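Protein chains in written order, with this note's numbering: chain R, 3 to 381; chain H, 3 to 381. These notes are about the structure you will find just below.
Structure, rendered in structure tokens:
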């Protein structure tokens, strides 16, 4: 019940277990169904861009507890291709106008919002109101206010909410978290995290358009660096300072090209992150008092690699991170497993994103972060 | 003639080649000698702490073009030990009071100042006035003004000046410079450099005493990170911003514990460095547009290690960096080989050190650096 705010708690109590059944009620099938009785949950992908096409849809073929059950697209031509590729019925195909009708489709349990950032909040809230559990791609939204609105909508509809943080379900990330928790390499002292790639092609793509993206590198790969800085430290940061670097203003017309940021942690650790749309970087290294460990590559689709100061080579069988991520969320819904990337985590990262942009505007001034007070303890 | 200022140039011209002979004139031997006619130059170590004892003196046994010819120490007991160990005559042993008499010792060609930072300028200037070539340990001095004074004294006495930047003579560093110059891995985009170790023992040691050190981690390992950021980029930076982190103020009473800094280069590269007296870190990585290369360890006494994105493992036979460094300087004096670490380089780094401390005082504000204007082009 992570998403339930104090305000909504009494109402939720009143609904109890029966709410789940009501949630699944379908005038089409004429009989209420409960997601909790299903063995596999239906996922509708909202937005059929590259990530849905080349990552999420193939991943859904590998999942154990979910399957592709619907598509939402604004591009008519994509409908036929996807229906043919994945054997979807007409009743599982929506556009942005009739999207809200998905409330009546019992084959869809989860709506995965894979749209440009500026549309995350709107479609996440509409999905919640349609009674669907929500996965919203990272970054969670354009700003903290939108994160709050999404969380409130999900709480009000008693649906579960997760952010598309695929790395949280990756076994290498989980090994990093164990190293940190168990102090295998001593107390964490320094984390170095780079998540960056060279952006090419159309300078008008949505990621480079602030109105659609909310920001450049930081709003794209940057959130992975924020994430790995935090799970590398094992706790939320208490301050951040940041710098912006620009070398191609003609191409990066209104979004950030390269950003570096430094985090301070209460346990004494310091982290430095770099994110860029004009530099290649894909690595996290954690320096402990007794040694170090590194993931490299650290933030890509995998296989991830890793090794440690004592010569240990980290090696896990490669599975689609997105398949693991969607299965983890399905298990959260079906069996009460932990939510690996709850809305609070996405909101925490957006608080940090806002602080980073503020630090840059204020000439690099360190920004205090009051994340502990907000109860955002999950790292 | 790198050290000759415009002001001194006419005077130097007037002295010409004969100046070298005059420089070596010795009332003790009764006959003028020229360092240029020697095959091996005599080095006097000023300050017999750990670095002289465990690094420089052993290195002098490996050099081809220098040898230990004198010691200067304030500790009476060390005199007998060193005389016995290295077969030094009484006439080659000095203390801080009679140091200036070294002018009369023709067996000493080079004075290597290995004292606490606060004594660098005084003894470098006195060595120059004694007609000796000077190596001054890094950091060159307490501040830029002292660097200028050292350079002026050396120019006035027509002696050569070098900073104890052992890494400049290391074959791995030279390979890095070739990679950068030849664009083997494309245009340099990002450099990540860590030079840090965990300081232990007496909190009153001179490195942790600002009056003697001028600063903490930054004035110690930090200058190596500045150096590798610069040769990683292949040019001098145009701006720097910096942050300080403190977790053990009881131990680090008046010197910096951990500093991070970001450099901006005209070629578009960005560098991030971390230095600390409370974190382990020893690495430089250069991300180019076509790949990357890394030195790890990068800043220690060796063997240095390195590898690249195309699987190349860098491997050079291990030689004492200090032996290579002192031989390079001897070859500069004897044969006109390039000065690998001239005073200008030490001064440049001190300009950057001052800018880093200023950025920290100003809350992380980016500091512009006008190094190009100052003619400090050597990287």
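Virtual Cβ for every residue (Gly too), placed ideally from N, Cα, C. This one's a predicted model, so the numbers in the text were calculated from it and none came from an experiment.
Kindly indicate the opening and closing residues of the beta strand (DSSP E) around residue i.
| i | result |
| --- | --- |
| residue 285 of chain R | 280-290 |
| residue 267 of chain R | 260-267 |
| residue 70 of chain H | 68-74 |
| residue 171 of chain H | Per DSSP, residue 171 of chain H belongs to no beta strand (DSSP E) and is neither H nor E. |
| residue 164 of chain H | 163-165 |
| residue 297 of chain R | 293-297 |
Comparing the C-beta of residue i with each C-beta of chain B, is any distance below 9 Å?
| i | result |
| --- | --- |
| residue 200 of chain R | Among the protein chains in the structure shown, which are R and H, there is no chain B. |
Could you check the C-alpha separation between residue i and residue j for me, to the nearest Å?
| i | j | result |
| --- | --- | --- |
| residue 350 of chain R | residue 343 of chain R | 11 Å |
| residue 117 of chain H | residue 147 of chain R | 58 Å |
| residue 49 of chain R | residue 90 of chain R | 16 Å |
| residue 213 of chain H | residue 254 of chain R | 47 Å |
| residue 180 of chain H | residue 233 of chain H | 10 Å |
| residue 229 of chain H | residue 168 of chain R | 38 Å |
| residue 127 of chain H | residue 182 of chain H | 35 Å |
| residue 372 of chain R | residue 39 of chain R | 40 Å |
| residue 2 of chain H | residue 131 of chain H | Residue coverage of chain H in this structure runs from 3 to 381, which leaves residue 2 of chain H outside it and unanswerable. |
| residue 58 of chain H | residue 65 of chain H | 10 Å |
| residue 390 of chain H | residue 330 of chain H | Residue 390 of chain H lies beyond the residue range present for chain H, which begins at 3 and ends at 381; the question has no answer from this structure. |
| residue 297 of chain R | residue 358 of chain R | 24 Å |
| residue 101 of chain R | residue 74 of chain R | 7 Å |
| residue 264 of chain H | residue 166 of chain R | 31 Å |
| residue 355 of chain R | residue 42 of chain R | 35 Å |
| residue 54 of chain R | residue 111 of chain R | 17 Å |
| residue 176 of chain R | residue 325 of chain H | 46 Å |
| residue 280 of chain R | residue 155 of chain H | 46 Å |
| residue 256 of chain R | residue 367 of chain R | 22 Å |
| residue 70 of chain R | residue 164 of chain R | 17 Å |
| residue 252 of chain H | residue 99 of chain H | 35 Å |
| residue 370 of chain H | residue 226 of chain H | 21 Å |
| residue 151 of chain H | residue 205 of chain H | 31 Å |
| residue 153 of chain R | residue 311 of chain R | 41 Å |
| residue 266 of chain H | residue 96 of chain R | 48 Å |
What is the DSSP secondary structure of residue i, reduced to helix, strand or coil?
| i | result |
| --- | --- |
| residue 42 of chain R | coil |
| residue 385 of chain H | Past the boundaries of the shown model lies residue 385 of chain H; chain H is included only from 3 to 381, so the question cannot be answered. |
| residue 188 of chain R | coil |
| residue 224 of chain R | helix |
| residue 247 of chain H | strand |
| residue 195 of chain H | strand |
| residue 364 of chain H | coil |
| residue 214 of chain H | helix |
| residue 241 of chain R | strand |
| residue 1 of chain H | Look at the range of chain H in this structure, 3 to 381, and you will see that residue 1 of chain H is not part of it. |
| residue 373 of chain H | coil |
| residue 58 of chain R | helix |
| residue 271 of chain H | coil |
Subject >> Meets three-Cβ-pair contact criterion under 8 Å: the region 154-170 of chain R and the region 253-271 of chain R >> reply: With the cut-off at 8 Å, the region 154-170 of chain R and the region 253-271 of chain R do not touch.
Subject >> Ranges of the beta strand (DSSP E) found wholly within the region 88-154 of chain R, counting only runs of at least 3 >> reply: The beta strand (DSSP E) runs lying completely inside the region 88-154 of chain R and spanning 3 residues or more are 112-115, 135-138, given in chain order.
Subject >> Segment contact, 8 Å Cβ cut-off, at least three pairs: the region 299-307 of chain H with the region 280-289 of chain H >> reply: yes
**OP:** Flag this pair as touching only if the region 304-316 of chain H and the region 135-146 of chain H have three or more C-beta atom pairs under 8 Å; answer yes or no.
**Re:** no
Subject >> Contact between the region 182-194 of chain R and the region 290-298 of chain R (3+ Cβ pairs under 8 Å) >> reply: yes
Original post:
If you scan the region 299-349 of chain R from start to end, which runs of the alpha helix (DSSP H) of 4 or more residues do you find wholly inside it?
Top reply: 323-337
Original post:
Contact between the region 262-278 of chain H and the region 240-253 of chain R: three or more CB pairs below 8 Å?
Top reply: yes
Original post:
Does the count of Cβ pairs from the region 82-89 of chain H and the region 195-203 of chain H closer than 8 Å reach three?
Top reply: Judged by Cβ distances under 8 Å, the region 82-89 of chain H makes no contact with the region 195-203 of chain H, as fewer than three pairs qualify.
**OP:** Report yes or no: do three or more beta-carbon pairs, one from the region 105-122 of chain H and one from the region 43-61 of chain H, lie closer than 8 Å?
**Re:** yes
Original post:
Is there contact here, the region 324-341 of chain R with the region 207-223 of chain R, by at least three beta-carbon pairs under 8 Å?
Top reply: Contact annotation: the region 324-341 of chain R does not touch the region 207-223 of chain R, with fewer than three C-beta pairs closer than 8 Å.
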